[in-house]
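Numbering (this note's numbering) for the sequence shown: 207 to 446.
Even glycine gets a Cβ: it sits at the ideal position worked out from N, Cα and C.
What follows is one structure encoded as structure tokens, with my remarks underneath.
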Amino acid sequence: YSRVFRPDLTTIVVIGDITPEEAGTILEKYFGDWKASGPKPDVVLPPVPANKPSAVNVPDPTQVQDTVELVEQLEMNRFSPDYYALQVGNHVLGGGFYATRLYRDVRQQAGYVYSIDDSLEAGETRAEYSVSYGCDPQNASKARTLIEGELRAMREYPVTPAELQQAKALLLRQIPLAESSEDAVASGIIRRARIGLPLNEPLNAAQHYFNMTADQVRTAFAKWIDPASFVQVVRGPTPQ
């Protein structure tokens, strides 16, 4: 217990109507005698290389539809300058529900999926991009073909001015909403402190999003997102 739960791996955030001096007194009272035991462990995961394409089917007799995950390991991290451009592109593809490319083209027009979304997750040393969707087994491959086409378009052509404005607006509005409560403020500070982002990262991110150009988005997707490199995991009946 003492090797794992230790002060040199702990960040404490105090939120509320309290001065730093008052907070320090309280923390010293309850945690002042807490000492680390043994050498500090290295808890930062090492970077991993880009994955090779593969496919796995996980049979689930309780499902009549397929849940499909397409995941790609990116050789970048949260500190990459391209992170913000990828997030803007991510919101062009899937961040705005009805008004995004994946929902419109793969669900609404083609009717291949019941739900679809994409995600960019980045940490201190690793990042991954994913697309997830639910569909009938006979539509799994058809949906993937359309998704790969959308990603190739993101790599080859700039997004439209309307798409760029909408994605930037969504991201900018999320920033104050993410700090709408004391718990949310504390959670945000903890997340930034854990990986070494500056505490004013929301302001930095807002500036990046506000100044983002369509060509920056295209360049970032061309550099990092390879539609042919997905690992595909399907839970449910064998996809067709």
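C-alpha gap between residue i and residue j, whole angstroms
| i | j | result |
| --- | --- | --- |
| L280 | E227 | 43 Å |
| A328 | R284 | 5 Å |
| F427 | M360 | 6 Å |
| T351 | L377 | 28 Å |
| T331 | Y304 | 33 Å |
| V219 | I395 | 7 Å |
| Q344 | N417 | 42 Å |
| R307 | Y363 | 14 Å |
| K241 | I232 | 17 Å |
| V250 | K258 | 24 Å |
| P253 | S286 | 13 Å |
| G230 | Q380 | 32 Å |
| V312 | V319 | 7 Å |
| L215 | A346 | 44 Å |
| Y415 | S321 | 27 Å |
| E354 | F436 | 10 Å |
| R358 | P382 | 33 Å |
| M282 | L403 | 15 Å |
| Q447 | Q438 | Beyond the ends of the chain as shown, which are 207 and 446, falls residue 447; an answer cannot be given. |
| A256 | G317 | 32 Å |
| S393 | V365 | 33 Å |
| E385 | G302 | 20 Å |
| L370 | A411 | 16 Å |
| I224 | A399 | 20 Å |
| S243 | E407 | 33 Å |
| S387 | I401 | 22 Å |
Chain D contact for residue i (CB, 9 Å cutoff)
| i | result |
| --- | --- |
| A242 | Within the model displayed, chain D is absent; a lone protein chain is all it includes. |
Beta-bridge partners of residue i, as assigned by DSSP
| i | result |
| --- | --- |
| L276 | V337 and Q438 |
| L326 | Y335 |
| A261 | Q438 |
| S321 | G340 |
Pick from the options that is closest to residue i, judged by C-alpha positions
| i | options | result |
| --- | --- | --- |
| A349 | Q315, L378, T366 and A333 | Q315 |
| D389 | M282, V210 and I221 | I221 |
| N296 | V270, T217, A411 and A373 | A373 |
| G300 | L326, S347, V437 and N410 | L326 |
| F237 | F211, A346, P255 and P245 | F211 |
| D157 | E334, Q271 and Y207 | With the chain running from 207 to 446 in the structure shown, residue 157 is simply not present. |
| P247 | Q269, P213, D223 and K235 | P213 |
| I431 | Y309, L409, E334 and I224 | E334 |
| T217 | R397, S321 and S435 | R397 |
| Q413 | I224, A392 and V294 | V294 |
| S208 | A384, P433 and D239 | D239 |
Distance cut-off 8 Å: residue i Cβ against heavy atoms of the ligand ADP
| i | result |
| --- | --- |
| F211 | This structure lacks the ligand ADP; in fact it carries no ligand of any kind. |
Classification of residue i by the beta-carbon crowding that lies within 10 angstroms, buried from 16 upward
| i | result |
| --- | --- |
| V298 | buried |
| D356 | According to the sequence provided, residue 356 is Glu. The question's Asp does not apply to it. That one is buried. |
| L405 | exposed |
| D324 | buried |
| L409 | exposed |
| E309 | Reading off the sequence, residue 309 comes out as Tyr, not Glu. The residue is buried, with at least 16 neighbouring Cβ atoms inside 10 Å. |
| P367 | exposed |
| E234 | exposed |
| G245 | As written in the sequence, residue 245 is Pro, which differs from the Gly given in the question. Exposed is the call here. |
- Would you say the region 260-279 touches the region 329-338, given that touching needs at least three Cβ pairs under 8 Å? yes
- Just checking, does the region 282-292 make contact with the region 407-422 on the three C-beta pairs under 8 Å criterion? yes
- Item | Given 8 Å, three or more beta-carbon pairs between the region 258-266 and the region 438-445 | yes
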